[in-house]
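Enquirer: This structure is in structure tokens; I'll ask about it shortly.
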Amino acid sequence: MKRMQKFIMRPDRFWMQKLCIAGLALLLFACSAARMGYNNGELVSYWWLDSYVDFENDQKPWVKQHISTLFDWHRKTQLRDYVQFVSRIQHRDLSTARPADLLNDYNEGKARILRIADRAAPELADLALSLTPAQIANVEQKFTRNSNKFRKEYLSGDTDERQKFRYRKMMKQAEYWFGNFDRDQEIRLRALSDARPLNNEMLLAERLQRQQELLALLRKIHAERPSRNEAAAMIRKYITDTVDRFGDPERQKFAEASNQANAALVAQMMRMATPEQRRHFVNTLQDWIGDFNRLSAQARS
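Numbered per UniProt numbering, the sequence shown finishes at 301, counting up by one with no gaps.
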């Protein structure tokens, strides 16, 4: 558990980060909190969401209860499936890993995250219906700060500097799963990393659109006061549109190419892994399986 916690608290999270749905669902059921194995996850989720909204006193109790309800549901109904999913990956022959297998893992993981978002939609509707104009403005200000940070980290320097920055983040993630790499492995991984599509300007544009669409949705809900079910349907549509990249074919094509290149990189990483690195990978996954099993057993009746 300690190794998992140390890893997930880093700003650079591994492939599960790619599965997280941006927007309000992400705020309420934060991926970092979920990946903590629920060790203080409910509290972390609340703090994260409060950092965007700044809750009023009358909102705090029921928001905490909604988060607790979601975590209870997840412990009781999802974690055993996660054990099976991770166990299947753990027993894979890394020497024959194929990009197609990893893309299938990605799609399966994505479906599990969408299941969380769908389950959370009614609670998210309650939250959206409760927000004041000032709180929506707080969300907008937080988005602005986050985007400014993104610009500073991802849009500075020339192409080579951006490639180096991305490679270093990738290697930190890889070391969590496999341990240390030798110089020859690093050279090969750097080439595969640089071969991935790079368009940080497009990523920023997509981020900004997600933010603006969400703000528009929150303002629409505040103005029109729909029913809880209607608001939940609006939130589900936003999530679907986000996953579909709002129908932008250029972004969809870039995302598909990125996923394929990431899968090729990880498949090669698995195939080149030494026996020691493979043991590290298996043991790390076993830590997750153990956590999932314990947490599932602790589910409240």
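All residues carry an ideal CB built from backbone N, CA and C; glycine is no exception. Nothing here was measured: the structure is a model prediction, and the numbers come from that model.
Count the other CB atoms within 10 Å of the CB of arginine 236; is the residue buried (16 or more) or exposed (fewer)?
Expert: Buried: at least 16 other Cβ atoms inside 10 Å.
Enquirer: Looking at the unbroken alpha helix (DSSP H) that takes in glutamine 141, where does it start and where does it end?
Expert: Element bounds for glutamine 141: 133-154.
Enquirer: Quick one: grab the DSSP three-state call for arginine 92.
Expert: Looking at arginine 92 - three-state DSSP - the assignment turns out to be coil, as it is neither helix nor strand.
Enquirer: State yes or no: is the C-beta of leucine 295 within less than 7 Å of the C-beta of arginine 75?
Expert: It is a contact, given that the beta carbons lie within the stated cut-off.
Enquirer: Between Gln84, Ser193, Met170, which has its C-alpha nearest arginine 112's C-alpha?
Expert: The residue with the shortest Cα to Cα distance from arginine 112 is Gln84.
Enquirer: So, is arginine 210 buried or exposed, given that buried needs 16 or more other C-beta atoms within 10 angstroms?
Expert: Its Cβ being crowded by 16 or more others within 10 Å, arginine 210 is buried.
Enquirer: Using DSSP with H/G/I as helix, E/B as strand and the rest coil, what is threonine 242?
Expert: Three-state DSSP puts threonine 242 in a helix.
Enquirer: Go ahead and pull the three-state DSSP assignment for asparagine 180.
Expert: Three-state result, asparagine 180: coil.
Enquirer: Return the CA-CA distance between methionine 272 and asparagine 200, expressed in angstroms with no decimal places.
Expert: Cα to Cα, methionine 272 sits roughly 29 Å from asparagine 200.
Enquirer: Where valine 139 and serine 227 are concerned, what is the direct C-alpha to C-alpha distance, given to the nearest angstrom?
Expert: One C-alpha to the other measures close to 22 Å.
Enquirer: Would alanine 233 and proline 122 qualify as a contact pair, given that the criterion is a beta-carbon distance under 7 Å?
Expert: Not closer than 7 Å, so no.
Enquirer: What's the gap between the Cα of arginine 207 and the Cα of serine 147?
Expert: Those two C-alpha atoms are separated by around 8 Å.
Enquirer: By the 10 Å Cβ neighbour count, where 16 or more other Cβ atoms means buried, how is threonine 77 classified, buried or exposed?
Expert: It is exposed - the Cβ of threonine 77 has fewer than 16 other Cβ atoms within 10 Å.
Enquirer: If we count the other Cβ atoms within 10 Å of its Cβ and call it buried at 16 or more, is phenylalanine 181 buried or exposed?
Expert: Looking at its Cβ environment, which holds 16 or more other Cβ atoms inside 10 Å, phenylalanine 181 is buried.
Enquirer: To the nearest angstrom, how far is it from the Cα of glutamate 42 to the Cα of serine 68?
Expert: Cα to Cα, the separation comes out at about 6 Å.
Enquirer: Examine chain B for any beta-carbon lying closer than 7 Å to the beta-carbon of glutamate 206, and answer yes or no.
Expert: The question asks about chain B, but that chain is absent: this structure has only one protein chain.
Enquirer: Alpha carbons only, please: which of Ala128, Ala216, Phe281, Tyr52 is nearest the one belonging to glutamine 141?
Expert: Among Ala128, Ala216, Phe281, Tyr52, the Cα nearest to that of glutamine 141 is on Tyr52.
Enquirer: Output yes or no for whether 7 Å exceeds the beta carbon distance between alanine 261 and arginine 196.
Expert: Closer than 7 Å, so yes.
Enquirer: Taking all protein chains shown into account, decide if glutamine 298 is buried (16 or more other Cβ within 10 angstroms of its Cβ) or exposed.
Expert: So glutamine 298 ends up on the exposed side.
Enquirer: Closer than 6 Å by C-beta to phenylalanine 281: which residues in its own chain qualify, once you throw out the five before and the five after it? Chain order, please.
Expert: Same-chain partners within the cutoff: Trp177, Phe178.
Enquirer: On the DSSP letters alone, give me the boundaries of the alpha helix (DSSP H) that glutamine 78 sits inside.
Expert: Looking at the DSSP string, glutamine 78 is not in any alpha helix (DSSP H), and its letter there is neither H nor E.
Enquirer: What separation, rounded to the nearest whole angstrom, lies between the Cα atoms of glutamine 163 and serine 156?
Expert: Cα to Cα, glutamine 163 sits roughly 11 Å from serine 156.
Enquirer: Buried or exposed: which applies to asparagine 107, given that a residue is buried once 16 or more other Cβ atoms fall within 10 Å of its Cβ?
Expert: Under this definition asparagine 107 is an exposed residue.
Enquirer: Where does the unbroken alpha helix (DSSP H) through glycine 247 begin, and where does it stop?
Expert: Taken as a continuous stretch (DSSP letters only), glycine 247 belongs to no alpha helix (DSSP H), as it is neither H nor E.
Enquirer: Just how far apart, CA to CA, sit leucine 27 and leucine 49?
Expert: Annotation note: pLDDT 36 at leucine 27 (below 50); position unreliable, coordinate value reported separately. Distance between the alpha carbons of leucine 27 and leucine 49 is about 5 Å.
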